[in-house]
Every structure is written in C-alpha cells, then in structure tokens.
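Note sheet for the following structure.
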Amino acid sequence: MKLRCGGLAAIAILVPSVARAEDRSYCPTRPSLGTTACTIAPKHVSVETAITDWTLDNQPDRRTDTVLLGDTFVRVGVTDTIEAQFGWTPYGHVRTRDKATQAVEDAGRVGDATLGFKANLLHPDGNGASIAVQPFFSMPVGRTPVGAGDWGAGVIVPATLDLSKTVNLVTTSEVDAAVNLSGHGRHIAYSEVVGVGVKLPHHLTFTLDSQVLRDEDPEEKTTQVLGSASLAWKAKKDLQFDLGVVAGLNRAAPDTELYVGISRRF
C-alpha cells in the first residue's frame, strides 16, 4: 500500500511537470545576434531557417558579397532542460572583387555542419531569469570560402532576464576554437552580445542588440563591433517569421547584413 501511494505521489508530481513542458511557449533562437537560454520541450522539434542572408564586406582593397540560402538550425527536445542541436548551410555563394585589378572571383559551395546541445541551468521556459550552456562542434563538410576548411569547436553561454512583462534583457557569451583563415589549424576567438527585446502588439517582438567579437587569427587579428535590429512575428503559436539588419560599427566588421527567416515547431 505504501508503495502504491508512493507511486501515485510520484505521478502526481511528474504530470504537472510534463504538462508545463508541453505548454511551454515557442522560443526560437532567431533572429537576434545572440541566442536564447530556453530549451525546446521534450517530444518537440524546432526547425529555424534563414531563407536568404546577404552580407556585404566592403574593404579598401576588395568588396565581398556573401549570400547564404537555406541556412538551417534544428533543435530537438531531449529532456525538460536539454536539447540536441544540428546546423547546416546547404548553399552559399561568395563573390569577391579586387578593387585594384577589377578581377572577380565567384564560388558557390556547400557550407559546414555543426553538432551540439544546450543544457538549461535555470528556467528552461526562458521566463524570469534564465541561463544555459551550449557546447558545439563544427564539421568541415563544406569547402572554402563558404566552409571553414577544418573542424572547430566552442561553447556559448546565453542568459536572459525579464525586466518587465514586455521588456527582456539578453546576453550571449561565446568562446571558440575557430579555424584559421588558412583553413588549417585553430585559434581562439571570443565575443559578447548584449540586447534588449520588446514585445509589441499583434505578436511582434522588436530586438536591438550589439556584439563585440575578438578574433586572434595568426594571419590577421581583428576586433569587430556590430549593431543589429530585428523584428519577429509569431503568426501562430508554433510558427514565426523574422527579418533583420546588421550594421558594422567599425572598419574591421562587415558593412551590412540583411536576412529573412522562418521558424517552425513540430
């Protein structure tokens, strides 16, 4: 009898927990520069895709245009606090024009793939104060200049804080073993993102954020400063559309990035 009562008590505790996980609001990682601390509930899959993404890097000696198509990130809920992650760039096109000679190089390639997971340490639904750890590993399935040319790895620590019912503070810290520009070997790179998201009427969310990225590549050490504005529309509880713009705020950073994306939870 005691065992039966104990079993019923355990079920009574677990059922609300499962229900809360199933009722969790959808929180895509798109579209800001940082990422979310929340995780996908068990038995759910989130597919988040940049339909198109164009970046202009206009340096004194060259202009580079990069277009990515279908850049996709998949998140699979494993437990109430852990999700598995897979990312892949199915196609990218890079066009570089040398300003001195006017020579043009075009390359269309498959991009690299990433594997990782996110473990939430506080509030997996992202409400209140939430923090997570997200290690990842990149596999060189693509070729340069779209792919990196070698394997890489890193860890991301996203954190969010609800300042009110409509305003949310987001930070994302990242440290990488990034692939060298030569395509062989690795070096350290690290970045910090700070942003503010504001919920608007009609299921809209507007986000402003900035990023500082330090890259210790042995050929060219750089510090990039970026600013971003993005808008997300939750068309349904499991469907989101987004668009955004990123601006380079110093000479080392790419000048402009424009993107449009979609996220769907199954």
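Everything in the sequence shown is counted per the working numbering, starting at 835 for the first residue and increasing by one.
A virtual CB, placed ideally from N, CA and C, is assigned to each residue, including glycine.
No experiment lies behind these values; they were computed from the predicted model shown.
Setting aside the 5 residues that flank it on each side, alanine 884 is surrounded in the same chain by Leu902, Asp905, Tyr1093, Gly1095, each with a C-beta closer than 7 Å to its C-beta; the list follows chain order. Under the DSSP assignment, aspartate 899 falls in the beta strand (DSSP E) whose first and last residues are 896-911. Between leucine 1077 and serine 1097, the gap from beta carbon to beta carbon reaches 8 Å or more. Under the three-state reduction of DSSP output, tryptophan 985 falls in the coil class, being neither helix nor strand. Valine 1030 and alanine 993 have their C-alpha atoms roughly 12 Å apart. Along the segment 1000-1024, the beta strand (DSSP E) occurs as fully enclosed runs of 3 or more residues at 1001-1013, listed in sequence order. Less than 8 Å divides the Cβ of glutamate 939 from the Cβ of threonine 930. No Cβ-Cβ contact shorter than 8 Å links glycine 1017 with glycine 986. Only buried fits arginine 864, as 16 or more other CB atoms lie within 10 angstroms of its CB. Exclusion of the five residues before and after serine 1007 leaves Val991, Glu1026 as the residues of its chain whose Cβ lies within less than 6 Å of its Cβ. A residue is called buried once 16 or more other Cβ atoms fall within 10 Å of its Cβ, and serine 998, having fewer, is exposed. Per DSSP, the beta bridge partners of threonine 886 are Leu903, Val1094. Taken in chain order, the whole beta strand (DSSP E) runs of length 3 or more contained in the segment 938-975 are 938-943, 947-956, 963-973.
Taking every protein chain shown into account, the CB of proline 1035 has fewer than 16 other CB atoms within 10 angstroms, so this residue is exposed. Secondary structure note for alanine 1081: its beta strand (DSSP E) is the uninterrupted segment 1073-1082.
Here threonine 870 is buried: its Cβ has 16 or more other Cβ atoms, across all protein chains shown, within 10 Å. Secondary structure of lysine 1033 (DSSP, three-state): strand.
Rounded to whole angstroms, arginine 1085 and glutamate 1091 show a C-alpha spacing of 15 Å. Excluding residues up to 5 positions away in sequence, Val1004, Val1027, Gly1029, Gly1031, Thr1041, Asp1043, Ser1062, Ser1064, Gly1078 lie with their Cβ nearer than 8 Å to the Cβ of serine 866 in the same chain.
Counting C-beta pairs closer than 8 Å gives three or more between the segment 871-881 and the segment 909-928, which meets the contact rule.
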